[in-house]
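Using full-length UniProt numbering, the letters of the sequence shown correspond one by one to residues 1 to 366. A short worksheet on the structure shown next.
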Amino acid sequence: METKYIIKSALLKLFDEGKSEVEAFEEFTKIHWDYKITKTAVKSWYKKFRAGDRNLEIKKAVSPNFKLTDESLVELIKENPDYTIEKLSELSGVSTTTVVNKINRLKCDNKSIKYRNKDSLKFTDEFLIDLVKNNPDLTMAELAKLADTSPATISNRIKQINSKGQRVNYVKKNYIPEEFPKSNIKLTDEYIINLINENSRLNLYELAELAGISQRTLTRRINRIKLSGKEVNYIKKDNKRFTDEFLTNLVNENPNSTMTELARIADTSISVISRRLKKVNSNGEKVKYASKRKEPIYNTKSSNEFLIDLVKENPDLNLTELSKLAGISPANMSKHIKKFNSSGIELAYIDKRTQKDKKETSRKPK
């Protein structure tokens, strides 16, 4: 604990003196040569300082043998009533899903636990409108940090507010890592690697939102970087956290989100969300998801973008499933796809029925 205090106080002093991260690293290693520190650690501390973390009172570290019991969680929340789920999980050394599940179980068991979702306390439409209005130059990720939520939640809430007629005048800004020049918005391998390394907790949809590209493009770039032998540390999030409890909490915490939006937040496909909801409900646990039909699609830029993204992000769905998500008929969906392709927007949609027929035909003996 003393070591962490010495490192933080020394770096904070250099930060206040206006030293750059490189200068701070060089000066620290000269003065405190007996303390091992990396350039990445200096960069991490500088990020915290810029975010306003100047408190030199270091919190007690969690023991490797620490177990989050019901009693310790109740005590943790009591001692930190303003902490979000994210901060509680960091403090206790367990995942956010574990914290959420324990809180829900304690509430179900009628045990005394006074945790209130922080988003529900402050995240009103007015709060978000003011947040965007007062911070016009911030990216989606930076707004999410101020609101203490995820970029996906900010994005979904902006769409929901604008669908009601209220306008949130957010102009999409591409993510630019700190060491990149502000004019550099090229999707180089280094840009993608920095994007992922600096936002390791975000899922694929949230990363794509920051970069201003589609999930499909980002996935393809990650695979290409890996094949070239470069190291990119992206770990698929749904394998770790997509439990029945996670899905239940996802639906409960996003009651106004469509199936498409839930899939994006969970970093998975719409068909997976749909199947998992049916499976959970068949086991007797009722997940209160109300199907939301999209408004009719009109020939506008935003609706065209919606349809293009819908097809690209759901390559496994057939025409009927896509049309249900869009709230239009299969015939209309087919007409839109043909129109996009004829106008130069290439949609790699394969008719699933035709594909099936071809497979069956190829099996027949000649």
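Cβ coordinates follow ideal geometry from the N, Cα and C atoms, glycine included. Given the structure is predicted, the values throughout are model-derived calculations rather than measurements.
Q. Which stretch, first to last residue, makes up the alpha helix (DSSP H) that contains T260?
A. Numbered from 1 along the sequence shown, position 260 holds the residue referred to as residue 260. Per DSSP, T260 belongs to the alpha helix (DSSP H) from 259–266.
Q.
Does E295 pass the burial test, meaning 16 or more other C-beta atoms within 10 Å, or should it be called exposed?
A. Here residue 295 is taken as the residue at index 295 of the sequence shown, counted from 1. For E295, the predicted model reports a pLDDT of 41, less than 50, meaning its position is unreliable and no value from the coordinates is stated.
Q) To the nearest angstrom, how far is it from the Cα of residue 388 to the Cα of K8? A) The first residue shown for the chain is 1 and the last is 366, placing residue 388 beyond what the model contains.
(Q) For N332, tell me which candidate among K36, L317, F246, L307 has the shortest Cα-Cα distance. (A) Sequence index remark: in the sequence shown, residue 332 carries index 332 (1-based). The option with the nearest alpha carbon to N332 is L307.
Q) Quick one: Cα of K36 to Cα of V232, how far? A) Along the sequence shown, one-based indexing puts residue 36 at 36. Along the sequence shown, one-based indexing puts residue 232 at 232. Cα to Cα, K36 sits roughly 25 Å from V232.
Q | Contact under 8 Å by Cβ, E79 with A152 | A | If you number the sequence shown from 1, residue 79 lands on position 79. If you number the sequence shown from 1, residue 152 lands on position 152. Going by C-beta atoms, E79 is not nearer than 8 Å to A152.
Q. Helix, strand or coil for S150 per DSSP?
A. Here residue 150 refers to the residue found at position 150 when the sequence shown is read from its first residue. Correct three-state label for S150: coil.
Q) Per DSSP, what kind of secondary structure is R276 in: helix, strand or coil? A) The residue labelled residue 276 in the question sits at position 276 within the sequence shown. DSSP places R276 in helix when its eight states are reduced to three.
Q: Apply the 10 Å Cβ neighbour rule to E71 and answer buried if 16 or more other Cβ atoms are within range, or exposed otherwise.
A: Taking the first residue of the sequence shown as 1, we reach residue 71 at position 71. Burial call: exposed.
Q: Report yes if the CB atom of I337 is closer than 8 Å to the CB atom of V311, and no otherwise.
A: Walking along the sequence shown from the start, residue 337 turns up at place 337. Walking along the sequence shown from the start, residue 311 turns up at place 311. A contact, by the Cβ cut-off of 8 Å.
(Q) Assuming Y191 is part of the alpha helix (DSSP H), what are its boundary residues? (A) As a first step, residue 191 is located in the sequence shown; it is residue number 191 there, counting from the start. Looking at the DSSP string, the run of the alpha helix (DSSP H) that includes Y191 is 189–198.
Q.
Tell me the DSSP secondary structure of I113 in three-state form.
A. For the purposes of this step, residue 113 is identified with residue 113 of the sequence shown, where counting begins at 1. In this structure, I113 counts as coil in the three-state DSSP scheme.
Q) Where R221 and L227 are concerned, what is the direct C-alpha to C-alpha distance, given to the nearest angstrom? A) Here the question's residue 221 lines up with position 221 in the sequence shown. Here the question's residue 227 lines up with position 227 in the sequence shown. When rounded, the distance between both Cα atoms is 10 Å.
**Q.** Counted within 10 angstroms of its Cβ, other Cβ atoms place T260 as buried (16 or more) or exposed
**A.** Walking along the sequence shown from the start, residue 260 turns up at place 260. Buried.
Q: Report the residue from D82, V99, P81 whose alpha carbon sits nearest the alpha carbon of S89.
A: Sequence index remark: in the sequence shown, residue 89 carries index 89 (1-based). It is V99.
Q: Decide if V171 is buried, meaning its Cβ has at least 16 other Cβ atoms within 10 Å, or exposed.
A: Here residue 171 refers to the residue found at position 171 of the sequence shown. V171 comes out exposed.
Q: In angstroms with no decimal places, state the Cα-to-Cα distance between F193 and Y83.
A: Walking along the sequence shown from the start, residue 193 turns up at place 193. Walking along the sequence shown from the start, residue 83 turns up at place 83. In the sequence as presented, Phe is not what sits at residue 193; that position holds Ile. One C-alpha to the other measures close to 31 Å.
**Q.** Coarse secondary structure for S92, derived from DSSP in three states
**A.** Counting from 1 along the sequence shown, the entry for residue 92 is found at position 92. S92 falls in the helix class under three-state DSSP.
Q) Roughly how many angstroms lie between the CA atoms of T320 and I345, to the nearest whole one? A) Within the sequence shown, numbered from 1, the residue matching residue 320 stands at position 320. Within the sequence shown, numbered from 1, the residue matching residue 345 stands at position 345. If you take the alpha carbons of T320 and I345, they lie about 21 Å apart.
**Q.** Same chain only: Cβ atoms within 8 Å of I297, ignoring 5 sequence neighbours per side
**A.** To locate residue 297, count along the sequence shown from 1; it is residue 297. Note on I297: pLDDT 41, under 50, position unreliable in the model; no value is reported.
Q. For E126, which option in N162, S92, I103 has the closest C-alpha, if you only look at C-alpha atoms?
A. Here residue 126 refers to the residue found at position 126 of the sequence shown. Closest by alpha carbon: N162.
Q.
Could you check whether R50 and L12 sit closer than 8 Å to each other, using their CB atoms as the reference points?
A. The sequence position of residue 12 within the sequence shown is 12, counting from 1. The sequence position of residue 50 within the sequence shown is 50, counting from 1. No, the pair does not count as a contact, with Cβ atoms beyond the cut-off.
Q: Go ahead and pull the three-state DSSP assignment for L210.
A: On the sequence shown, residue 210 is found 210 positions in, with the first residue counted as 1. DSSP places L210 in helix when its eight states are reduced to three.
Q: List the endpoints of the continuous alpha helix (DSSP H) containing N233.
A: Reading the sequence shown from its first residue, position 233 is the one you call residue 233. Careful: N233 lies outside any alpha helix (DSSP H) and carries neither H nor E.
Q | Per-residue burial, E21 [other beta carbons within 10 Å of its own, 16 or more giving buried] | A | Indexing the sequence shown from 1 puts residue 21 at position 21. Around the beta-carbon of E21, 16 or more other beta-carbon atoms lie within 10 Å, marking it buried.
(Q) So the candidates are K30, K19, N104; which of them puts its Cα closest to the Cα of K43? (A) The residue labelled residue 43 in the question sits at position 43 within the sequence shown. Considering only alpha carbons, the answer is K19.
Q. What do you reckon, are the CB atoms on R167 and L128 nearer than 8 Å?
A. Sequence index remark: in the sequence shown, residue 167 carries index 167 (1-based). Sequence index remark: in the sequence shown, residue 128 carries index 128 (1-based). No, they are not a contact pair.
(Q) Given this structure, state the Cα-to-Cα distance separating K133 from A144, to the nearest angstrom. (A) Your numbering for residue 133 matches position 133 in the sequence shown. Your numbering for residue 144 matches position 144 in the sequence shown. One Cα belongs to K133, the other to A144, and the distance between them is close to 14 Å.
Q.
Taking 8 Å as the limit between beta carbons, can you name the residues of its chain near P64, skipping five residues before and five after?
A. For the purposes of this step, residue 64 is identified with residue 64 of the sequence shown, where counting begins at 1. Note that P64 scores a pLDDT of 49, beneath 50, so its modelled location is shaky; the value from the coordinates is reported in the next line. Taken in chain order, the list of residues that qualify is empty.
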